[in-house]
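Since the structure comes first, as structure tokens, the remarks are kept for the end.
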Amino acid sequence: MKITLCLMLMLSTLFAREATLPAELSAWKSLSYVNAAKNADELNDAVLILNHASLVGLSNTPKVKYPLRPANEGGTVSYGGIFQITIKESGIYRIALANASWVDMVKEGKAAVSIAHSGGPENSGIRKMLDYTLEAGIYTLQLSAGADSTSAVLITKVK
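Heads up: the sequence shown at position 29 corresponds to 29 in this note's numbering, and the numbers run straight through without jumps.
This is the structure:
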């Protein structure tokens with residue numbers, strides 16, 4: 001029985017299908033590391049680049065001083081952090097995450113309202129995607145209420 005189970009597991013791994021990603025998510029497969037800021041003074045060291053996927057290190061949520069209180073802050077055992085992203089032109093942008101952290105896109109003290117939510121493509125490692133209509137400017141991406149101390153994140157222009 002154990003041998004059969006091991007054999008089935010090996011075969012399923014051998015024939016596992018890799019996700020086919022749409023062009024706007026193609027950067028998901030190559031990650032660079034960015035550690036989250038815990039407060040606004042650290043944002044210059046926590047910069048995300050449009051169309052570049054990042055593996056992000058997060059802190060315990062109680063240690064993070066968010067510029068705008070998240071709608072879902074999470075508890076003492078959750079993880080979060082803040083990042084800076086520059087949007088150069090107005091449009092619809094998608095945030096893809098490997099976990100289910102709460103997401104806020106903040107500009108000038110106000111959170112943008114997401115216009116769409118979905119899961120990622122099957123077998124992609126993308127757990128959650130959110131779309132926002134954003135104007136040009138500098139935004140703070142706030143992640144909160146996460147269950148993991150790391151996640152992958154990608155911000156890309158859709159339209």
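From the three backbone atoms N, C-alpha and C, an ideal C-beta is built for every residue, glycine too.
Cβ atoms of serine 54 and leucine 25 stay farther apart than 8 Å, at about 14 Å.
The beta carbon of valine 47 sits closer than 6 Å to the beta carbons of Gln84 from its chain, once the five residues preceding and following it are set aside; these are given in chain order. Counting the other CB atoms within 10 Å of its CB gives alanine 111 a total of 16 or more, which places it among the buried residues. With respect to the C-alpha of alanine 19, the residue from Asp45, Asn51, Asp131 and Gly125 having the closest C-alpha is Gly125.
Taking each of Ala145, Lys88 and Ser118 in turn and checking the Cα distance to asparagine 51, the smallest one comes out for Lys88. Rounded to whole angstroms, alanine 36 and alanine 116 show a C-alpha spacing of 25 Å. The continuous beta strand (DSSP E) containing glycine 81 extends over residues 79-87.
In the three-state reduction of the DSSP assignment, serine 90 falls in the coil class, being assigned neither a helical nor a strand state. Inter-residue distance for methionine 105 and tryptophan 28 is about 20 Å (C-alpha atoms, whole angstroms).
Assigned with DSSP and collapsed to three states, lysine 63 falls in helix.
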